[in-house]
Amino acid sequence: MSRKSSPNDESKNCFSRNEIEYLDKNFYQLAGSNEKIDRTRFRDLLTDDFEIDDSLLMDRVFRCLDLDSDNYINHDEFMRGMSILLKGSIDEKMKFCFRVYDLNGDNYISKEEMYQMLKNTLIRVVEEDEDGVKELVEIILKKMDIDHDGRVSELDWYTTIEKDNLLLEAFGKCLANEKAVERYLLPAYDENETKESPKKLLSFPHINLNQFDPRNKKRKAIYDTYNKGLTLPVVSPNKSNIVEKKTEENTENTEENTDTAAQPDSPGQAAIAH
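First residue of the sequence shown? That's 404 in our numbering, and the numbers climb one at a time after it.
Spelled out as structure tokens, the structure:
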């Protein structure tokens with residue numbers, strides 16, 4: 404049974420009418436007759452749609468959005484969560500990430516918590532050894548611990564992130580990136596929509612169509628419909644950079660592009676090294 408959305412709901416103010424209707428529909432698809440999303444289904448959403456795949460951080464995101472601590476995400480919690488994950492301001496994202504990384508809820512991010520989060524990511528992804536993780540923790544702590552008390556307080560955190568936004572996800576991915584947001588919201592628009600066209604979202608050149616999950620054929624179909632007649636970029640099968648469609652005038656530039664190194668996937672962790 405679908406519940407009618409209130410346009411005055413503060414958590415919905417950042418969304419268009421189409422997006423609110425789509426989010427409502429998506430919520431009830433995930434929630435079913437219980438009208439609440441359980442932990443397993445919400446983890447699937449984070450993994451499949453938002454590319455968040457660290458088990459510890461998925462659990463923390465769930466806990467931070469489960470405001471009434473009943474082990475379910477209800478409709479209001481879902482809309483509030485989506486407003487942060489999809490369209491949150493930098494202040495909202497800073498506050499949310501700090502809560503996610505504060506594993507024991509004591510309003511500090513300790514060295515032990517940093518180690519636990521980074522160990523999960525680095526050992527799994529880049530096969531870093533434990534000594535390397537501990538060294539990285541010391542580097543981050545030195546950068547963020549403004550008052551030198553051996554831990555990161557909220558003030559330390561906000562001061563650091565305001566200076567360098569790339570450190571927002573320094574301890575692991577817990578937000579949806581721009582591409583994930585755009586892909587997730589594509590179904591909010593259909594072929595008959597003319598008044599509120601999502602051209603701004605759909606005509607960007609950096610989308611890699613190969614990144615669409617083959618199970619999500621409807622999303623790709625919507626993308627193709629809105630871009631009919633446009634010249635889409637050609638995606639190199641071996642490189643992550645975008646190669647423009649070859650012409651006689653740009654053939655040489657294209658060959659140089661394909662040799663360009665791929666950009667790092669983790670800006671937060673890349674920023675730590677500087």
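Using N, Cα and C, we set each Cβ at its ideal position, and we do this for glycine too.
Between which two residues does the alpha helix (DSSP H) carrying residue i extend?
| i | result |
| --- | --- |
| residue 564 | 557 to 566 |
| residue 419 | Looking at the DSSP string, residue 419 is not in any alpha helix (DSSP H), and its letter there is neither H nor E. |
| residue 533 | 533 to 547 |
| residue 589 | Segment: none, residue 589 is in no alpha helix (DSSP H) and carries neither H nor E. |
| residue 442 | 442 to 453 |
| residue 484 | 478 to 490 |
| residue 462 | 458 to 468 |
Mark residue i as exposed unless 16 or more other C-beta atoms lie within 10 angstroms of its C-beta, in which case mark it buried.
| i | result |
| --- | --- |
| residue 607 | With a pLDDT of only 33 at residue 607, under the threshold of 50, the placement of this residue in the model should not be trusted; the figure read from the coordinates follows. So residue 607 counts as exposed. |
| residue 507 | exposed |
| residue 429 | buried |
| residue 545 | exposed |
| residue 524 | buried |
| residue 457 | buried |
| residue 566 | exposed |
| residue 472 | exposed |
| residue 452 | buried |
| residue 581 | exposed |
| residue 555 | buried |
| residue 663 | For residue 663, the predicted model reports a pLDDT of 45, less than 50, meaning its position is unreliable; a value from the coordinates is still stated below. With fewer than 16 Cβ atoms within 10 Å of its Cβ, residue 663 is classed as exposed. |
Taking the C-alpha atoms as reference points, what is the distance between residue i and residue j?
| i | j | result |
| --- | --- | --- |
| residue 461 | residue 478 | 19 Å |
| residue 482 | residue 518 | 32 Å |
| residue 420 | residue 591 | 9 Å |
| residue 418 | residue 484 | 13 Å |
| residue 537 | residue 435 | 44 Å |
| residue 516 | residue 425 | 36 Å |
| residue 574 | residue 505 | 11 Å |
| residue 586 | residue 557 | 32 Å |
| residue 620 | residue 583 | At residue 620 the pLDDT is 48, less than 50, meaning the model places this residue with poor confidence; the figure from the coordinates comes in the next sentence. One C-alpha to the other measures close to 16 Å. |
| residue 422 | residue 588 | 7 Å |
| residue 534 | residue 500 | 25 Å |
| residue 450 | residue 444 | 10 Å |
| residue 466 | residue 509 | 15 Å |
| residue 646 | residue 454 | At residue 646, the pLDDT of 36 sits below 50, so the modelled position is not reliable; the number obtained from the coordinates is stated separately. So the alpha carbons of these two residues sit roughly 24 Å apart. |
| residue 468 | residue 540 | 27 Å |
| residue 438 | residue 551 | 47 Å |
| residue 446 | residue 542 | 31 Å |
| residue 440 | residue 433 | 6 Å |
| residue 577 | residue 487 | 11 Å |
| residue 532 | residue 448 | 31 Å |
| residue 416 | residue 547 | 33 Å |
| residue 495 | residue 579 | 13 Å |
| residue 379 | residue 491 | Missing from the structure shown is residue 379; the chain here goes from 404 to 677 and no further. |
| residue 713 | residue 511 | The chain is shown from 404 up to 677; residue 713 falls before or after that span and cannot be answered. |
Tell me, to the nearest whole angstrom, how far the beta carbon of residue i is from that of residue j; I am working on the premise that it is less than 8 Å.
| i | j | result |
| --- | --- | --- |
| residue 480 | residue 470 | 6 Å |
| residue 563 | residue 570 | 6 Å |
| residue 560 | residue 497 | 7 Å |
| residue 476 | residue 568 | Contact flag wrong, Cβ pair sits at about 27 Å. |
| residue 514 | residue 553 | 7 Å |
| residue 463 | residue 503 | 5 Å |
Got a sec: is the Cβ-Cβ distance from residue i to anything in chain B below 7 Å?
| i | result |
| --- | --- |
| residue 563 | Annotation note: the requested chain B is absent from the structure, which comprises a single protein chain. |
- request: Please go through the region 492 to 522 and give each complete alpha helix (DSSP H) segment of 4 or more residues, from N-terminal end onward.
  value: Secondary structure in the region 492 to 522: the alpha helix (DSSP H) runs of 4 residues or longer, each lying completely within the stretch, are 493 to 504 in chain order.
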